[in-house]
Amino acid sequence: MRGDRVTLTTDIEALGTRHKAGDQGTVEELHTGGHLTVRMDDGRHNFPTQDEVTTAQR
Numbered sequence: 441m442r443g444d445r446v447t448l449t450t451d452i453e454a455l456g457t458r459h460k461a462g463d464q465g466t467v468e469e470l471h472t473g474g475h476l477t478v479r480m481d482d483g484r485h486n487f488p489t490q491d492e493v494t495t496a497q498r
């Protein structure tokens with residue numbers, strides 16, 4: 441999953457930044473419990489769970 445492109449399936453706010461469903465990014469880390477660190481295309485990080493993303497179409 442690391443390095444995979446993903447699309448958010450729900451709105452998520454993290455570190456004071458809100459990303460909306462449909463925004464895309466790249467998985468940087470996979471954590472215990474299904475949490476991810478995703479570098480969004482705007483350069484900011486977000487921390488969705490695996491059930492809050494889908495694999496992006498390339």
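Numbering-wise (the working numbering), the sequence shown opens with residue 441 and increments by one. From the three backbone atoms N, C-alpha and C, an ideal C-beta is built for every residue, glycine too.
message: Starting from Q385, trace the beta strand (DSSP E) in both directions and tell me its first and last residue.
response: Because the chain is modelled from 441 through 498, residue 385 falls outside the range shown and cannot be assessed.
message: Considering just the uninterrupted stretch of the beta strand (DSSP E) at H475, what are its terminal residues?
response: Where H475 is concerned, there is no enclosing beta strand (DSSP E), given that its DSSP letter is neither H nor E.
field: Other residues of its chain near D451: CB distance less than 8 Å, five sequence neighbours each side excluded
entry: R458, H459, K460, A461
query: So, is E469 buried or exposed, given that buried needs 16 or more other C-beta atoms within 10 angstroms?
result: exposed
message: Can you tell me whether G483 is helix, strand or coil according to DSSP?
response: coil
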